Amino acid sequence: MTSTVDTAAADASRSTPPSGLIAVARAPGWVRYALLAVGLAVAAWLPNGLYPAVAVDILCWALFAVAVDLLLGFTGLMSFGHAAFWGTSAYVTGLVAIHAGLPFPLAVLAGALAAAVLAVPIGYLAVKRTGIYFAMVTLAFAQMVYYVANEWRSVTQGENGLQGVPRSFFGLDLTDDYFFYYAILPIVLLGLAAAWRIVHSPFGRVLVGIRDNPARARALGYPVHRYKLTAFVLSGFIAGLGGGLFAVGHRFVSLDVLHWTTSGKAVIVVVLGGIGTLWGGVLGAGIVVRLEDWLSFSGFEAIGLVTGGIFVLVVVLFRRGIWGSAAALAHRLAARRR
């Protein structure tokens, strides 16, 4: 017996072109396992091929991008305020690690939970709007959080930021970024696995149906606002995981983590990798972070000019982003062979 969830998902897939994620899902099993093995191998090798601190930043931004894509690609909500959750988690993680002395995974979890709690009232008000209005509401709330952090100097230290965030982990020495990378890798993989499970669950199918036709989803009996709010909170939690790890990785938290440009950078990363592909955000994070690091060490100051130019080039030439275009091309080639 076919459920209404499956009916809505089937209708949604017929009404829209297959995304990179769907193209990969339709690939033979050995292809999916091969891609997974390659991804895990690259993750294990990364700090050996790059400066370990850059590898740590790639992991953090990958979580952030996947969190944004969960909203943008699978729920149809463009958020320009996700820095509020990334930054809130960074501050809470830093405060817990400094004052409570907890192992960094517990501090990061506390920060992610704080981000999820903050996402409830913001999401409750924001999901009642759509399109550019939703984006502006999230941006406005993010700027409010930025203002609070700047003025609450007794806690956040204002423009000076939180310094000396510890990396305590049951007595292990994680001061070296190389070892810290492998300490946070399981957390990042769990966050990515959670996002994958959300997207592939019946809940994720309903989100896609809401994205494509909210009126029909509402007619089928789904509480659209409740689903959007749940997706918003889950996205805030995953973004919080990345923000907390970013704070511990840098051992410093500044107001930049709450600035609106941080949200804009996350959106650029997602569009570059491919909206609605999930793994495109991981690829985009690797490209953007590595490019920024290379440009900064080369002495080039107008980094935004180069990344912006590449962003425009990708949008013009690869409408589905790098990962989405590559997956769609592979799907077309496989279809011709049949």
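Numbering-wise (numbering that gives the first Met the number 0), the sequence shown opens with residue 0 and increments by one.
Glycine is no exception: its CB is placed at the ideal position from the N, C-alpha and C atoms.
In this text, all values refer to a predicted model and were calculated from it rather than measured experimentally.
For A239 versus A114, is the C-beta distance shorter than 8 Å? Here residue 239 corresponds to residue number 240 of the sequence shown, with the count starting at 1. Here residue 114 corresponds to residue number 115 of the sequence shown, with the count starting at 1. The identity of residue 239 in the sequence shown is Gly, whereas the question assumes Ala. Yes; because the gap between Cβ atoms is below 8 Å, this pair is in contact.
Roughly how many whole angstroms lie between the Cα atoms of V311 and L101? The residue labelled residue 311 in the question sits at position 312 within the sequence shown. The residue labelled residue 101 in the question sits at position 102 within the sequence shown. Between V311 and L101, the C-alpha separation is close to 44 Å.
Whole angstroms are fine: how far does the CA of A141 sit from the CA of S295? Here residue 295 is taken as the residue at index 296 of the sequence shown, counted from 1. Here residue 141 is taken as the residue at index 142 of the sequence shown, counted from 1. Approximately 28 Å between the Cα atoms of the pair.
Pick out the complete beta strand (DSSP E) segments inside the stretch 102-133, 3 residues or longer, and give them in chain order. none
Look up F251 in the DSSP assignment and give the residues it is bridged to. By one-based count along the sequence shown, residue 251 stands at place 252. Its beta-bridge partners are Q162.
Identify, in the order they occur along the chain, each residue of the same chain with its Cβ nearer than 6 Å to the Cβ of G220, setting aside the five sequence neighbours on each side. Walking along the sequence shown from the start, residue 220 turns up at place 221. Taken in chain order, the list of residues that qualify is empty.
Residues near Q162 in its chain [Cβ-Cβ closer than 7 Å; skip 5 each side]: To locate residue 162, count along the sequence shown from 1; it is residue 163. Correct list, in chain order: F251.
Tell me whether Q156 sits in a helix, a strand or coil according to DSSP, three-state version. In the sequence shown, the residue the question calls residue 156 occupies position 157. Here Q156 carries a coil assignment [DSSP, helix/strand/coil].
Using only CA atoms, which one of L244, V232, I321 lies nearest to A269? Walking along the sequence shown from the start, residue 269 turns up at place 270. The sequence shown places Val at residue 269, rather than the Ala named in the question. Per the Cα distances, I321.
Of the residues L271, T276, G279, which one's Cα is nearest the Cα of V315? Translated into positions along the sequence shown, residue 315 becomes position 316. Here the closest residue by C-alpha is L271.
If we ignore side chains and look at the alpha-carbon of each, how far apart do H330 and I237 end up? Translated into positions along the sequence shown, residue 330 becomes position 331. Translated into positions along the sequence shown, residue 237 becomes position 238. Near 30 Å, if we compare the C-alpha coordinates of I237 and H330.
Is it buried or exposed for S88, if we count other Cβ within 10 angstroms and need 16 for buried? The count along the sequence shown starts at 1 and reaches residue 88 at position 89. S88 is buried by the Cβ-count criterion.
How would you label Y145, buried or exposed, when you count the other beta carbons within 10 angstroms and need 16 or more for buried? For the purposes of this step, residue 145 is taken as residue 146 along the sequence shown, with counting starting at 1. Burial call: buried.
Are three or more beta carbon pairs between the stretch 167-177 and the stretch 256-267 nearer than 8 Å? no
Please identify the residue among N212, P46, F317, L34 whose C-alpha is closest to the C-alpha of F352. Residue 352 is absent from the structure shown; the chain starts at 0 and stops at 337.
Give the secondary structure of M77 by DSSP, where H, G and I count as helix, E and B as strand, and everything else as coil. Residue numbering aside, residue 77 sits at position 78 when the sequence shown is read from its first letter. Looking at M77 - three-state DSSP - the assignment turns out to be coil, as it is neither helix nor strand.
So A109 and V95 are in contact, right, with Cβ under 8 Å, and what is the actual spacing, rounded? As a position in the sequence shown, residue 109 is number 110, starting the count at 1. As a position in the sequence shown, residue 95 is number 96, starting the count at 1. Indeed they touch by this definition, with Cβ atoms about 5 Å apart.
Please determine if the stretch 46-63 and the stretch 224-234 are in contact, where contact requires at least 3 C-beta pairs separated by less than 8 Å. no
Which whole-angstrom value describes the C-beta separation of V107 and R166, a residue pair presumed to lie in contact below a C-beta threshold of 8 Å? Here residue 107 refers to the residue found at position 108 when the sequence shown is read from its first residue. Here residue 166 refers to the residue found at position 167 when the sequence shown is read from its first residue. Contact flag wrong, Cβ pair sits at about 11 Å.
Given a cut-off of 8 Å on the beta-carbon distance, is the pair L138 and F84 in contact? For the purposes of this step, residue 138 is taken as the residue at position 139 of the sequence shown. For the purposes of this step, residue 84 is taken as the residue at position 85 of the sequence shown. Their beta carbons are not under 8 Å apart, which means L138 does not touch F84 by this criterion.
Going by beta carbon distance, what residues of the same chain come within less than 6 Å of E158, once the five residues before and after it are set aside? Within the sequence shown, residue 158 is the residue found at index 159, counting from 1. The answer is none, since no qualifying residue turns up.
Mind the definition here: the stretch 204-211 touches the stretch 51-60 only if three or more C-beta pairs lie below 8 Å; say whether that holds. No contact exists between the stretch 204-211 and the stretch 51-60.
For T174, does the count of other Cβ atoms within 10 angstroms reach 16, so buried, or fall short, so exposed? If you number the sequence shown from 1, residue 174 lands on position 175. Around the C-beta of T174, fewer than 16 other C-beta atoms lie within 10 Å, and the residue is accordingly described as exposed.
Which residue wins for smallest C-alpha separation from A99, given the options T129, V164, S153? Along the sequence shown, read from residue 1 onward, the residue named residue 99 stands at position 100. Ranked by Cα distance from A99, the first of T129, V164, S153 is V164.
So what does DSSP say about L352, is it helix, strand or coil? Since the first residue of the chain shown is 0 and the last is 337, residue 352 is not available in this structure.
I'd like to know whether the C-beta atoms of A66 and G241 end up nearer to each other than 8 Å. As a first step, residue 66 must be located in the sequence shown, where it is residue number 67. As a first step, residue 241 must be located in the sequence shown, where it is residue number 242. Taking 8 Å as the Cβ cut-off, A66 and G241 qualify as a contacting pair.
Could you check if Y338 is buried or exposed, using at least 16 other CB atoms within 10 Å of its CB as the buried criterion? Only positions 0 to 337 of the chain appear in this structure, which leaves residue 338 out of reach.
Cβ pair L254, G160 closer than 8 Å: If you number the sequence shown from 1, residue 254 lands on position 255. If you number the sequence shown from 1, residue 160 lands on position 161. Against a cut-off of 8 Å, the Cβ pair of G160 and L254 comes out as a contact.
Can you give the Cα-Cα distance for A82 and R336, rounded to whole angstroms? Counting from one through the sequence shown, the residue named residue 82 turns up at place 83. Counting from one through the sequence shown, the residue named residue 336 turns up at place 337. Spanning the two alpha carbons is a distance of roughly 45 Å.
Whose C-beta lies closer than 6 Å to the C-beta of G285 among residues of the same chain, with five residues either side of it excluded? Position 286 of the sequence shown, counted from the first residue, corresponds to residue 285. Cβ within range, chain order: I57.
R210 in three-state terms, based on DSSP: Here the question's residue 210 lines up with position 211 in the sequence shown. In the structure shown, R210 sits in a helix (DSSP, three-state: H, G or I).
Tell me the DSSP secondary structure of E300 in three-state form. Here residue 300 corresponds to residue number 301 of the sequence shown, with the count starting at 1. Three-state result, E300: coil.
Excluding the 5 residues preceding and the 5 following M0 in the sequence, name in chain order all residues of the same chain whose CB lies nearer than 6 Å to its CB. Taking the first residue of the sequence shown as position 1, residue 0 is located at position 1. Note that M0 scores 39 on pLDDT, short of 50, meaning its location in the model is unreliable; the coordinates nonetheless yield the value given after this. Counting only Cβ-Cβ distances below 6 Å, and skipping sequence neighbours, we find nothing.
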